[in-house]
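Peer 1: Residue numbers (my numbering), protein chains in the order written: chain R, 1 to 346; chain C, 1001 to 1602.
Cβ atoms here follow ideal geometry from the backbone N, Cα and C, with glycine treated the same way.
The structure presented is a predicted model; accordingly, all values stated were derived computationally and were not measured.
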Amino acid sequence: MATVRHHIVIGSGVAGNQAAETLRERDPESRVTIITLSRLPFFNRYDLPRVFRGERDWRNFIIYPAEYYRKNRIALRRATRVVNVDSTAQTLTLEHKEILHFDSLLVASGAGPYLPEELSEFRPLLHGFGAFRDAIEVADALPKNGHAILLGGDTIGLDLARTLLDIGHRVTLVAGPYTFWPHEVAAEDRSKYVAALERMGIVVVDANQRGCLTTIEKGAKGLSARRVVFGDGSDISGDVVMPFFGVAPSLDFMLGSGVDIERGLLVSPDLRTTNPNIYAAGDVCQIWTDREHRYCFYHGWKNVRAMGELAARNITGANEPWVPTQDESLQLTKDGKIHSPFWEYQ
Amino acid sequence: MGNTPFRPEAAAVSQTADGGVFVSNDPRDIGWVKENVPCQHACPAGTNVPSYIRSIVEGRYGESYEVNREANVLPGVLGRICSRTCEDACRHGWPGNGDPVAICNLKRVAADLKNVGHRITESLFAPTGKRIAIVGAGPAGVAAAHDLSLFGHDVVIYEREERPGGMLRYGIPEFRLPRAILDTELHNALRLGVHLRTGVEVGNEPGQIRVSQLLADYDAVLLATGCTAALPIPLRDEWEKREPTEVPGIEYGLDFLVAMHRGIKKTVGRRVAVIGAGFTALDCARVAVRLGGAEVTIHIRTAEEYIPVTQEEIFEAKREGVRIKGLRSPMKFVLDAEGKVAGIEFAQNRLGGWREKGRRLAIPIEGSEFIEPCDTVIIAIGQQTMHDFTDTPLQLDRWKNARLGDNGMTSQPGVFAAGDYVSGASTVVQSVGHGRHMARRIDAWLLGRERLRQVVRIEPVAAPLRERADDFIPRQHMPTAALGKRVKSMAREVEAGFDEATAQEEAKRCYLCNLRYQIDVDRCIYCRACIEVAPRNCIKLVGGVEIDADGAYGKLIETKEWNKIGAIWIDNNQCIRCGACYNACPVKCISISRCELTEVEA
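1) Taking the straight line between their C-alpha atoms, what separation do you get for C:D1283 and C:L1257?
2) Following the continuous alpha helix (DSSP H) through C:Q1348, name the residue where it begins and the one where it ends.
3) With DSSP run on the structure shown, which of helix, strand or coil describes R:D86?
4) From C:A1012 to C:R1528, what distance separates their C-alpha atoms?
5) Return yes when the Cβ of R:V4 is within less than 8 Å of the Cβ of R:R31, no when it is not.
6) Using a Cβ-Cβ cut-off of 8 Å, state whether C:L1452 counts as contacting chain R.
7) Who are the Cβ neighbours of C:F1006 in its own chain at under 7 Å, not counting the five residues just before and after it?
8) Closest by CA to C:W1032, which one among C:E1596, C:E1601, C:A1602?
9) Who are the near neighbours of C:S1064 in its chain, counting only those whose CB is closer than 7 Å to its CB and skipping five residues on each side?
10) So, is C:K1540 buried or exposed, given that buried needs 16 or more other C-beta atoms within 10 angstroms?
11) Is the Cβ of C:Y1582 closer than 8 Å to any Cβ of chain R?
12) Please list, in chain order, the chain C residues whose beta carbon lies closer than 9 Å to that of R:E29.
13) Going straight from the alpha carbon of R:Y345 to that of R:L48, what length do you get?
14) Using the beta-carbon count (16 or more within 10 Å), is C:I1547 buried or exposed?
15) Locate the alpha helix (DSSP H) running through R:S191, then write down its first and last residues.
16) Can you tell me where the alpha helix (DSSP H) holding C:L1150 begins and where it ends?
17) Return the Cβ separation of C:G1326 and C:I1300 in integer angstroms, given the expectation that the two are a contact with Cβ distance under 8 Å.
18) Cα separation between C:A1567 and C:K1555?
19) Candidates C:S1368, C:N1105, C:N1097, C:V1429: which alpha carbon is nearest R:R294's?
20) If you measure beta-carbon to beta-carbon, which residues of the region 1282-1314 of chain C are closer than 7 Å to chain R?
21) Can we say the region 1505-1515 of chain C touches the region 1134-1148 of chain C, given the rule of at least three CB pairs closer than 8 Å?
22) So which residues on chain C does R:I278 lean against when the C-beta distance must stay under 7 Å?
23) Per DSSP, what kind of secondary structure is C:M1386 in: helix, strand or coil?
24) Count the CB pairs spanning the region 1068-1080 of chain C and the region 1097-1109 of chain C that are closer than 8 Å, and state whether there are at least three.
25) For R:R226, which residues in the same chain have their Cβ closer than 8 Å to its Cβ, ignoring the five residues on either side in sequence?
26) When you compare each of R:E292, R:E262, R:K302, R:V9 to R:I286 by their alpha carbons, which one comes out closest?
27) Taking only beta-carbon atoms, is C:G1098 less than 8 Å away from chain R?
28) Hey, could you find the ends of the alpha helix (DSSP H) C:R1453 is sitting in?
29) Please report how far the alpha carbon of C:R1176 lies from the alpha carbon of R:G336, in whole angstroms.
30) Closer than 8 Å, CB to CB, is C:S1591 near chain R or not?
31) Do you know how far the Cα of C:G1424 is from the Cα of C:Q1413?
32) Tell me where the alpha helix (DSSP H) around R:D206 begins and ends.
33) Please report how far the alpha carbon of C:P1464 lies from the alpha carbon of C:N1025, in whole angstroms.
34) At 8 Å on the CB atoms, spell out the chain C contacts of R:E118, in chain order.
35) Could you give the first and the last residue of the continuous beta strand (DSSP E) run that contains C:K1325?
36) Using the beta-carbon count (16 or more within 10 Å), is C:P1586 buried or exposed?
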């Protein structure tokens, strides 16, 4: 009697859920398990700015109801941390000591907000934006017509800035090398895009011209809650300070697994890691591209979803290479506004 | 209730004191310590880690310092810059146990918090009249000189630099190792009659002292000259034969650091590229930041996960603005119209198999070349040993290092060698450990017998020394100097050290693996109370025990069938010394003994 294959997917984001769905379609008899650290089922991270418009019920952000997982026989294990993967034994260990065997493993654990090491000491004073709870906390911390200071200014932050401005908040961007991440903006075009940000209503401050950011501290009593101080002695006060410096792959549990890692999990064009039974998809992986002769990250909802689907197809024998699905260039609209293809989803 | 002292059954055990304290040279006891105290076993100097951490818990910092000093004469130095192989081995860091104990930071605590005017304990042998010359006052030479002077020999160190310390002084930046600490500990190590002759070069040039002359003048010679010559960087095309450092803006990392520490003013450009993946590369990059480099990048062949430096050092370098870029091999240098360096051409790498010492192979990919612009290049890919200073030919091994016989001697009778000169570029703690080891080899050769032998001191312990709550204390964070201030100064120490309260918290995390928990099966009533309270699968019902080749107890043969149970056994490899079993036992048949490796006169 043939044994039932067990496909395990780590991560319940776009890539993980798309992969689970494809695995179920292509291998109907198999066991499919999604393991996620999140307490919430698959929700739309791109929709989090809606929280600032008063949408505070997490159920309205959920993409698949519990019934979907039951119907598709996908075991969804929430609030579960993987602490170790043994690629040779094909097992993974969960934080509560449970050991699971897998026939195929897809790592789609995504990426968390990256905080540059030089800012790590200010972490307690910063507001994150990586999870639903973070968005609620920021919304609570911003008074009416409040002032948000965004550091870095990646496209996730700029997307949030659009919403904040739209509902009457002020936004100051402390710009630097991460502004517009993950877009690579040529030096000669940068001023054009910065001007577009200013037309949107964002106050743009160049950190280098002010002698770099030196301190973030609590504001004095009666003043704004946070104060950002620069090397030239100038400062900015605001209600929240939010870092937006791109993302860093979430793969601590893969260290020592025997799978090759640089910044992300290194995968061949078919999304296979250096272990034949382990694949990766989404923001966690760096894909080898023959054209550029290097390992590249690909971001954005559409890319990530396509990666999840491709990985699942290849796990079930398709053997197809990755082809990016999304134009990654930053654009200026006819009315002079910035538009990032990474703001498009679904 | 009386605590049952553990009494080994081996014949090779002798009672040395009242109160049930024994010393044992039974290989099973020595094997038990090596297997069950992973930090001490991993330490190249063999430091008794649990003992010095326990002294910190008890607030006896001076005693803690002395325990350290038995194995390593530079605790304050290594408490700052050790490579921390002990922490990689720490049981607290094993899967499911959390993070390893901050062993290195606690070593620094012992040095920093001991009383001013603390009394140093040295155990001296009578003078022998033997004279030994040591070439090199680096960590290996100093450690050997100290131990040889304890053995009663007259020691002279010849050092070519103006000050002792070797790479500690000339290779490691002051922001990682304050020179006042180094000076104090070197002075303590050398003050037992060691004669230090600095500014004296041993070599074959006129005015230099020859090794053959030393051999004629002394009873033994120890070469501890380190490993200081830069490894040539493999490049392509015309750069295969060209010396890169002839180009303005390109320098070897160790030469860069040594020159700076000799007092030569160093400068770097705006964009600094450091090639290499070790502590030297990291130090060069952090020095470059302090010299005003605006964009300092370390280029490595593999990835951060595989480079042989501590995560703390990587983190601090990144905090200071250093960036690390992986998967690239340098191919050639790009020069501007004036012949100065303007960039590096790299090839993209893919990871290959494994090299020795757990390092990864990197394989350049044809056609993947790209250029990284820069105006300063620091090459820090490693060092090699040089032998041209000696006029006595020595047999070399395949790595071109001096080959040592079983007695530690080179192929030249009377000439010994220690530290990086033998091993190639290694770590400070390895050099200290090897220097100490070579002192014993030289002493044995000079006197015709070993004067110290290793034994296990076994002492009953009345009750558990830890509480279960200690297992949940998180690893304590090392405070550091404010970023803005530290990068403006080459001398300001980055790590601030633990205060006493933090030190106490961190020290309580140590499992004290040198405590051996045992069940007296004759008194056990097999109630399973200990199994019920054990936080791990550490108490086992066994049907038998495999015996290792050295006679030590090996793997337990577990059983769940009551009619096959031969004993109930505490698996000390799994045990985290929480004491829960001891406290739960209704008949008090569990005993605790402290087992420590020590040396006694042979």
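Peer 2: So, to answer that:
1) 8 Å
2) Looking at the DSSP string, C:Q1348 is not in any alpha helix (DSSP H); the run it does join, the beta strand (DSSP E), is 1341-1354.
3) strand
4) Its pLDDT being 45, under 50, C:A1012 is placed unreliably in this model, and the coordinates cannot settle the point.
5) yes
6) The beta carbon of C:L1452 sits no closer than 8 Å to any beta carbon of chain R.
7) With a pLDDT of 36 at C:F1006, under the threshold of 50, the modelled position of this residue cannot be trusted, and the question is left open.
8) Minimum Cα-Cα distance from C:W1032 among the listed residues C:E1596, C:E1601, C:A1602 corresponds to C:E1596.
9) Within the same chain, C:S1064 has close Cβ partners Y1052, S1055, I1056, A1110.
10) Buried.
11) no
12) Those within 9 Å of R:E29 in chain C number zero; the least Cβ separation is about 33 Å.
13) 13 Å
14) exposed
15) 187-200
16) 1139-1150
17) Indeed they touch by this definition, with Cβ atoms about 5 Å apart.
18) 14 Å
19) C:S1368
20) A1303, E1305
21) no
22) None at all; the shortest Cβ gap to chain C is about 15 Å.
23) coil
24) The region 1068-1080 of chain C, when compared against the region 1097-1109 of chain C, does touch it at the 8 Å Cβ threshold.
25) L125, I149, I216, E217, K218, G219, S237, G238, D239, V240, V241
26) The question names Ile, but residue 286 of chain R is Gln in the sequence shown. Of the candidates R:E292, R:E262, R:K302, R:V9, the one whose C-alpha sits nearest the C-alpha of R:Q286 is R:E262.
27) no
28) Element bounds for C:R1453: not the alpha helix (DSSP H) but the beta strand (DSSP E), 1452-1461.
29) 51 Å
30) no
31) Correcting the residue identity first, residue 1413 of chain C is Pro in this sequence and not Gln. Computed Cα separation, rounded: 22 Å.
32) Counting along the chain, R:D206 falls outside any alpha helix (DSSP H), though it belongs to the beta strand (DSSP E) covering 203-206.
33) Taking the straight line from one Cα to the other gives about 26 Å.
34) K1318, R1319, E1320, G1321, L1483
35) Per DSSP, the unbroken beta strand (DSSP E) holding C:K1325 starts and ends at 1323-1325.
36) exposed
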